[in-house]
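One structure below.
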Amino acid sequence: MTDVSSNRSQRKCKQPAILGIWRLGEVIHESSTTQLLLAQPADAVGSPRWDYVIKRAKSGPDQVEGSRQILQSIAAASCVRHPNLIALLDASTTSNQPYMVMPRLEGEPMQRHLESINSKPLPVALWLVRQLAQALDSLHATGWVHGDVKPENSVVGSRGHVTLVDLGFASKIHTVPNHHFRGTPEYAAPEALAGKLAAIPAMDIFSLGRVLWHWITRTEQVSQIMLEPVADLVKQMVSMDPDERPTAAEVGRQLLQLEIETLGRHIGPANTSILTTNRRAA
Numbered sequence: 000m001t002d003v004s005s006n007r008s009q010r011k012c013k014q015p016a017i018l019g020i021w022r023l024g025e026v027i028h029e030s031s032t033t034q035l036l037l038a039q040p041a042d043a044v045g046s047p048r049w050d051y052v053i054k055r056a057k058s059g060p061d062q063v064e065g066s067r068q069i070l071q072s073i074a075a076a077s078c079v080r081h082p083n084l085i086a087l088l089d090a091s092t093t094s095n096q097p098y099m100v101m102p103r104l105e106g107e108p109m110q111r112h113l114e115s116i117n118s119k120p121l122p123v124a125l126w127l128v129r130q131l132a133q134a135l136d137s138l139h140a141t142g143w144v145h146g147d148v149k150p151e152n153s154v155v156g157s158r159g160h161v162t163l164v165d166l167g168f169a170s171k172i173h174t175v176p177n178h179h180f181r182g183t184p185e186y187a188a189p190e191a192l193a194g195k196l197a198a199i200p201a202m203d204i205f206s207l208g209r210v211l212w213h214w215i216t217r218t219e220q221v222s223q224i225m226l227e228p229v230a231d232l233v234k235q236m237v238s239m240d241p242d243e244r245p246t247a248a249e250v251g252r253q254l255l256q257l258e259i260e261t262l263g264r265h266i267g268p269a270n271t272s273i274l275t276t277n278r279r280a281a
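Once you know that position 265 of the sequence shown is 264 in numbering that gives the first Met the number 0, the rest is easy, because the numbers rise by one and skip nothing.
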């Protein structure tokens, strides 16, 4: 005999949870401190579309740290809007479980592109990194340092649009840390690793230089004449002296110039061949 009340109870438990004005879907990513869940407006009952993502603290021993990261992300993201920086659509800071709502991005982490067996032309790599420089320039202009620039925190869309995400380790410029180092050692500036100096934009530039270096090692084989100016820029960006690093705006301008120069050399021979063929045909 079927237990009707039990079945009703199970169906009730399977109903999607509601958080604020949002209906929660499946968890798509989680770290030790936070969760990312698909979301849709709570009144979109029966809709197959899940166009939003909610980030909230993960229950457990690190919930306090997760909540801190969410609040920090909200504070930073609410100050700036830029096409290459994750947008804040909604947020709650009043409850004991703060959360933020973002658009669901199309694409995949930049790290997967770096790990792919299919290398990319140098001009494309410069273009991708330039978009990160543009996002940082906007963030720095509003008085914030990202604090964890790396390929895993960069989403590349199918058409190459790059979005810098995860502001959980962001700090106001000139804020002196009162905690242990937070970030990714592989990409962190030496002064950030020491954890004693105030947060400055130059720390993000060092991290971006590391990202650019990884791209150089993964691009299609190019001539020395094309690679040297890019390597020189990387050298400036990862200088041990923060004062010698260029600003994000300067990095963006230099990358744009290098894109133009390397693209011209990259497609030059092909264009010459096409022109020659057309002249012969005429």
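Don't be surprised by glycine CBs; every beta carbon is placed ideally from N, CA and C. All values reported here derive from a predicted model rather than from experimental measurement.
Close-in-space but distant-in-sequence residues of the same chain around residue i (CB under 7 Å, 5 per side omitted)
| i | result |
| --- | --- |
| SER206 | VAL148, LYS149, TYR186, ALA187, ALA188 |
| LEU262 | PRO122 |
| GLU64 | THR32 |
| PRO184 | LEU192 |
| SER238 | ARG244 |
| LEU255 | ARG129 |
| SER118 | ARG217, THR218, GLU219 |
| VAL221 | LEU121 |
| GLY251 | ARG129, ALA132, GLN133, ASP136 |
| ASN152 | LEU163, VAL164, ASP165 |
| SER77 | LEU87 |
| THR141 | CYS78, VAL79 |
| VAL144 | ALA169, SER170, ILE172, ALA198, ILE199, PRO200, MET202, ASP203 |
Classification of residue i by the beta-carbon crowding that lies within 10 angstroms, buried from 16 upward
| i | result |
| --- | --- |
| LEU192 | exposed |
| LYS54 | buried |
| GLU107 | exposed |
| PRO60 | exposed |
| GLY208 | buried |
| ARG22 | buried |
| SER94 | exposed |
| SER46 | exposed |
| THR271 | Reliability fails at THR271, whose pLDDT of 40 lies under 50, so the model's placement of it is uncertain and no value is given. |
| PRO40 | exposed |
| PHE199 | The residue asked about is misnamed: residue 199 is Ile in this sequence, not Phe. It counts as buried. |
| ILE85 | buried |
| HIS179 | exposed |
| ILE273 | Residue placement at ILE273 cannot be trusted, given a pLDDT of 33 that sits under 50; what the coordinates show is reported in the next sentence. So ILE273 counts as exposed. |
| GLN253 | buried |
| GLN71 | buried |
| ASN83 | buried |
When the options are compared against residue i, the one with the closest alpha-carbon
| i | options | result |
| --- | --- | --- |
| GLY167 | ALA75, PRO60, SER153 | ALA75 |
| VAL175 | PRO82, GLU29, SER118, GLY194 | GLY194 |
| MET236 | HIS179, ILE204, LEU135, SER77 | ILE204 |
| ASP50 | LEU37, ALA41, ARG158 | LEU37 |
| ILE69 | VAL250, CYS78, ALA56 | ALA56 |
| HIS112 | VAL154, TRP143, THR141 | VAL154 |
| SER66 | THR92, LEU257, ALA248, VAL250 | THR92 |
| GLU258 | LEU131, LEU18, SER115, MET225 | MET225 |
| GLU260 | VAL250, VAL229, GLU249 | VAL229 |
| GLY19 | GLN96, GLU114, ILE116, SER77 | GLN96 |
| SER43 | GLY142, SER58, GLU29, GLY24 | What sits at residue 43 in the sequence shown is Ala, not Ser. It is GLY24. |
| ARG158 | GLY182, VAL144, MET109 | MET109 |
| ARG181 | LEU196, GLU190, GLY146 | GLY146 |
| GLN62 | ALA248, GLU29, GLU114 | GLU29 |
Start and end residues, beta strand (DSSP E) containing residue i
| i | result |
| --- | --- |
| MET101 | 98-102 |
| GLN39 | 33-40 |
| ASP61 | That residue, ASP61, is in no beta strand (DSSP E); it is neither H nor E in DSSP. |
| GLY24 | 21-29 |
| VAL161 | 161-163 |
| VAL44 | Counting along the chain, VAL44 falls outside any beta strand (DSSP E), and DSSP gives it neither H nor E. |
| SER91 | 89-91 |
| VAL292 | There is simply no residue 292 to check, as the chain begins at 0 and stops at 281 in what is shown. |
Contact set for residue i: own chain, Cβ-Cβ below 6 Å, skip 5 residues either direction
| i | result |
| --- | --- |
| HIS81 | ALA134, SER137 |
| ASP242 | none |
| GLU105 | GLY156 |
| VAL3 | In this prediction, VAL3 has a pLDDT of 44, which is less than 50 and means its spatial position is unreliable; what the coordinates show is noted afterwards. Same-chain partners within the cutoff: there are none. |
| ALA90 | ILE73, MET99 |
| VAL233 | GLY208, LEU211, TRP212 |
| ASP240 | none |
| LEU196 | GLU190 |
| ALA248 | ASP136 |
N- and C-terminal bounds of the alpha helix (DSSP H) containing residue i
| i | result |
| --- | --- |
| ARG55 | Looking at the DSSP string, ARG55 is not in any alpha helix (DSSP H); the run it does join, the beta strand (DSSP E), is 51-56. |
| VAL233 | 223-236 |
Cβ neighbours of residue i in the same chain (closer than 8 Å, five flanking residues each side left out)
| i | result |
| --- | --- |
| ILE27 | LEU35, LEU36, LEU37, VAL52 |
| THR246 | ASP136, HIS139, PRO200, ILE204 |
| ILE17 | LEU23, ALA41 |
Do three or more CB pairs link the stretch 97-104 to the stretch 117-135 at distances below 8 Å?
-> no
Quick one: any contact between the stretch 212-220 and the stretch 156-167, if contact means 3 or more CB pairs under 8 Å?
-> With a cut-off of 8 Å, the stretch 156-167 and the stretch 212-220 do not count as touching, because too few Cβ pairs lie within range.
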